[in-house]
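Asker: After the structure tokens below, expect a handful of questions from me.
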Amino acid sequence: MVSFKDITEDRHQPLDLSRELEKLRIQVGLAEQGVPIEETYGAVAVDGFASSKDFVPREDSVSYTNGDSYQGWMLGPLRHGRGRHSCSSGDVYEGSWAYDKRDGRGRLSLSNGMEYEGEWKADLAHGQARCRYPNGGVYQGEFAADKRCGWGEHRFPDGSVYEGEWEADAMQGRGVMRGADGSTFEGEWRAGERARGKQRSADGSSEYTGDFSGEFYHGEGTLWQRGSRRYRGSWVQGLQEGQGRCEYADGSAYEGAWLGGQRHGVGRWSGGGPEPEAYVGEWVRDRRQGRGVLTRGRDAAFKYVGEFREDQRWGRGTCAFPDGAKYEGDWVRDAREGQGACAYPSGDRYRGSWLADRRHGRGACRFADGTVFRGEWDADEWVQSSADPAKSRVAGPGLTRAAAGAEAAFAIEARDEAGNRRLSGGDEFKVLALGSDVSAAATGAVEDRGDGSYRVTLTPQVAGLYRLHVTTADAEHVAQSPYPLRVLPGPPALRQCIVRVESEEGGTGQEEKGAEDDGAEEKGAEETALARPRASAQLVTRPGCPAVVEIAVRDAFGNA
8 MVSFKDITED RHQPLDLSRE LEKLRIQVGL AEQGVPIEET YGAVAVDGFA
58 SSKDFVPRED SVSYTNGDSY QGWMLGPLRH GRGRHSCSSG DVYEGSWAYD
108 KRDGRGRLSL SNGMEYEGEW KADLAHGQAR CRYPNGGVYQ GEFAADKRCG
158 WGEHRFPDGS VYEGEWEADA MQGRGVMRGA DGSTFEGEWR AGERARGKQR
208 SADGSSEYTG DFSGEFYHGE GTLWQRGSRR YRGSWVQGLQ EGQGRCEYAD
258 GSAYEGAWLG GQRHGVGRWS GGGPEPEAYV GEWVRDRRQG RGVLTRGRDA
308 AFKYVGEFRE DQRWGRGTCA FPDGAKYEGD WVRDAREGQG ACAYPSGDRY
358 RGSWLADRRH GRGACRFADG TVFRGEWDAD EWVQSSADPA KSRVAGPGLT
408 RAAAGAEAAF AIEARDEAGN RRLSGGDEFK VLALGSDVSA AATGAVEDRG
458 DGSYRVTLTP QVAGLYRLHV TTADAEHVAQ SPYPLRVLPG PPALRQCIVR
508 VESEEGGTGQ EEKGAEDDGA EEKGAEETAL ARPRASAQLV TRPGCPAVVE
558 IAVRDAFGNA
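Now the structure itself:
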């Protein structure tokens, strides 16, 4: 609208005072009729409202210089009332007008296929309407300022339907989306995207409640999938990420850190089988990897503390087994492998090399009975060389001292080339005692006890000094062989004793073997050995005539 200020101060353009006064007069007349006065009406009003008749609505048709045409009611040069406006582009509006603007109910058909039918205000879609879009989508609901705003239903080309609140042509606020596949989402929308709510699959097998970002689960939410799992926790772009708890259909559960939809970081897992099982520790890409603690059984009878790799015990770790065994050392693919020590419930203790969960390679085992084996192992069994004569041991009273006719005994302890006691029998030993007299010899009997020890017995019959030879089957001397062996005479045997008598009367001497005396008391071998081999005594034959009796004491084998 031109003001008096404009008239008096505009010095840049030549002023047609009579025209400006006419423009003001027409605008005043329009205002009296209730027409909104706008500055843009000024030039048109000068030409269109030439007389008072122009202020009365009339039905007319107009052709415009741009090729458009209008047919309907007008007020002066303004479209006003019912009318049809056809554009040269093919667009057509038919409906109500108010002072040259679409206002009220009307139908707009665009050349691109869009159709709008509903309410208008000030030349803008505003109010209740139905709109079909070029892509086939259909909206029915509220508009404001040419945009979907308020409550409305939109049917998308793919068959999905949204019903709910809109703002600025976007889904905003509360609403329900029903997918073409039968799935549903009900909840809050923000800027055309899901913000928070509940999404349910068509068959009801899956349901998510929580935060969204676009089509993705994003933020905090709970996902339930029939026959699979229930997860509650953090999401990023549709994948579990952050902290969360997942319960699986098999009864197992995990609570802890997630990354990219996988267990990653520190978390706790519990099994769902009949035997309790749990793991607390580090995860990498859905697998146990790093440090952790794995337990199984009631009261955690099985417990492993150590390193994991690819979901298996791998690296250094300590494990307590249900049978009471305890192992500390290296692991590879869930099996003891490398260097480690194990204490068994039997009391045995092993330290050394392992392979495929068995003792294998170099190692030492102290058995419950105190026996120690150091050497090579294969498939959990010791691997020993045959008895090494230099490392074997010989000991016992019968090794250096014996009595004629009595059994002498000693023991051989077989040892391998590493000095370990042989833990099984099978070795062959020979024992032979040789005296200074070629005829004096004694062969020992060797008893294999099956545990690496051997009992040797021999019974020499000739008293004297011997050399005791302890050899292997290959005639190699064992330990300090040969050993000096002293064989003492046995206990006196009366039948072997010789008696000689000498008299001062000059009687001749006489020798004879003693007769058996059942009442005689024989002395033990030890006492006999210490006694002198000959004894003498005086014997009175007649009064005043003494006699000398000499007795040569011998054992049963004639040893003096």
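Using this note's numbering, the first residue of the sequence shown is number 8, and each one after it goes up by one. From the three backbone atoms N, C-alpha and C, an ideal C-beta is built for every residue, glycine too. All values derive from a computational prediction rather than experimental measurement.
Excluding the 5 residues flanking D455 on each side, which residues of the same chain have their C-beta closer than 8 Å to its C-beta?
Answerer: Working through the sequence shown from its first residue, we reach residue 455 at position 448. So the list reads G432, G433, D434, Y461, once near-sequence residues are dropped.
Asker: Across which residues does DSSP place S220 in a beta bridge pair?
Answerer: For the purposes of this step, residue 220 is taken as residue 213 along the sequence shown, with counting starting at 1. Bridge partners of S220: F223.
Asker: Using a threshold of 7 Å, is the CB atom of R373 nearer than that to any non-hydrogen atom of the ligand PLP?
Answerer: The model depicted lacks the ligand PLP and carries no ligand whatsoever.
Asker: Can you have a look at N427 and say buried or exposed, based on whether 16 or more other CB atoms are within 10 angstroms of its CB?
Answerer: To locate residue 427, count along the sequence shown from 1; it is residue 420. Label assigned to N427: buried.
Asker: Apart from the five residues on each side of it in sequence, which residues of its chain come closer than 7 Å, Cβ to Cβ, to E533?
Answerer: Numbered from 1 along the sequence shown, position 526 holds the residue referred to as residue 533. Because the pLDDT at E533 is just 38, under 50, the model does not fix this residue reliably, and the value given afterwards should be weighed accordingly. Excluding sequence neighbours, E533 sits near nothing in its chain.
Asker: Ordered along the chain, which non-local residues of its own chain (more than five positions away) have a Cβ less than 6 Å from that of C138?
Answerer: Counted from its first residue, the sequence shown places residue 138 at position 131. Y123, Y146.
Asker: DSSP three-state label for K398, please.
Answerer: Stepping through the sequence shown from its first residue, residue 398 is reached at position 391. Correct three-state label for K398: coil.
Asker: Apply the 10 Å Cβ neighbour rule to K398 and answer buried if 16 or more other Cβ atoms are within range, or exposed otherwise.
Answerer: Within the sequence shown, numbered from 1, the residue matching residue 398 stands at position 391. Under this definition K398 is a buried residue.
Asker: Tell me which residues share the same chain as P164 and place their Cβ nearer than 7 Å to its Cβ, disregarding the 5 neighbours each side in the sequence.
Answerer: One-based indexing of the sequence shown puts residue 164 at position 157. These residues qualify, in order along the chain: N142, G143, G144.
Asker: Excluding sequence positions up to five away, which residues of its chain have a Cβ less than 6 Å from the Cβ of R203?
Answerer: As a working note, residue 203 is residue 196 in the sequence shown. Excluding residues within five positions, the ones whose Cβ falls inside 6 Å are G194, E195, D218.
Asker: For L117, I'd like the list of residues in its chain whose CB is within less than 6 Å of its CB, leaving aside the five on either flank, ordered along the chain.
Answerer: One-based indexing of the sequence shown puts residue 117 at position 110. Cβ within range, chain order: D98.
Asker: Which term fits L472, buried or exposed, when burial requires 16 or more other beta carbons within 10 angstroms of its beta carbon?
Answerer: Against the sequence shown, residue 472 aligns to sequence position 465. Classification of L472: exposed, given that the 10 Å Cβ count is below 16.
Asker: Between which two residues does the beta strand (DSSP E) containing T191 stretch?
Answerer: By one-based count along the sequence shown, residue 191 stands at place 184. Here the beta strand (DSSP E) through T191 covers 191 to 197.
Asker: What is the residue span of the beta strand (DSSP E) that H367 lies within?
Answerer: Position 360 of the sequence shown holds residue 367. Unbroken beta strand (DSSP E) run through H367: 365 to 373.
Asker: With a Cβ-Cβ cutoff of 8 Å, do G288 and R298 count as a contact?
Answerer: Taking the first residue of the sequence shown as 1, we reach residue 288 at position 281. Taking the first residue of the sequence shown as 1, we reach residue 298 at position 291. A contact, by the Cβ cut-off of 8 Å.
Asker: Assign Q244 to buried or exposed, taking buried as 16 or more other Cβ atoms, counted over all protein chains shown, within 10 Å of its Cβ.
Answerer: Locating residue 244 in the sequence shown gives position 237, where the first residue counts as 1. Exposed, because fewer than 16 other Cβ atoms sit within 10 Å of the Cβ of Q244.
Asker: Can you give me the C-alpha to C-alpha distance between D318 and I419, rounded to a whole angstrom?
Answerer: One-based indexing of the sequence shown puts residue 318 at position 311. One-based indexing of the sequence shown puts residue 419 at position 412. Their Cα atoms are separated by approximately 52 Å.
Asker: Please go through the same chain and pick out, in chain order, the residues whose beta-carbon is closer than 7 Å to the beta-carbon of L246, but skip the five residues on each side of it.
Answerer: Taking the sequence shown and counting its residues from 1, the one referred to as residue 246 is at position 239. Counting only Cβ-Cβ distances below 7 Å, and skipping sequence neighbours, we find G267, G268.
Asker: Hey, A285 and W276: beta-carbon distance below 8 Å or not?
Answerer: In the sequence shown, the residue the question calls residue 285 occupies position 278. In the sequence shown, the residue the question calls residue 276 occupies position 269. Taking 8 Å as the Cβ cut-off, A285 and W276 qualify as a contacting pair.
Asker: For R233, name the three-state secondary structure that DSSP assigns.
Answerer: As a working mapping, residue 233 is identified with position 226 in the sequence shown. Residue state, collapsed to three classes: coil.
Asker: Pull up the distance between the alpha-carbon of A411 and that of Q346, whole angstroms please.
Answerer: The residue you call residue 411 lines up with position 404 of the sequence shown. The residue you call residue 346 lines up with position 339 of the sequence shown. Going from the Cα of A411 to the Cα of Q346 covers about 56 Å.
Asker: Closest to H476 by CA distance: which of K437, E170, G221, S76 is it?
Answerer: Working through the sequence shown from its first residue, we reach residue 476 at position 469. Ranking K437, E170, G221, S76 by Cα distance to H476 puts K437 first.
Asker: Taking the straight line between their C-alpha atoms, what separation do you get for D444 and L406?
Answerer: For the purposes of this step, residue 444 is identified with residue 437 of the sequence shown, where counting begins at 1. For the purposes of this step, residue 406 is identified with residue 399 of the sequence shown, where counting begins at 1. Cα-Cα distance, rounded: 19 Å.
Asker: Going by DSSP, which residues form a beta bridge with F417?
Answerer: Locating residue 417 in the sequence shown gives position 410, counting from the first residue. F417 is bridged to V463.
Asker: Is the beta carbon of L492 closer than 8 Å to that of A452?
Answerer: Counting from one through the sequence shown, the residue named residue 452 turns up at place 445. Counting from one through the sequence shown, the residue named residue 492 turns up at place 485. The answer is no: Cβ separation not under 8 Å.
Asker: Where G377 and G370 are concerned, what is the direct C-alpha to C-alpha distance, given to the nearest angstrom?
Answerer: Taking the first residue of the sequence shown as position 1, residue 377 is located at position 370. Taking the first residue of the sequence shown as position 1, residue 370 is located at position 363. In a straight line, the C-alpha of G377 is about 16 Å away from that of G370.
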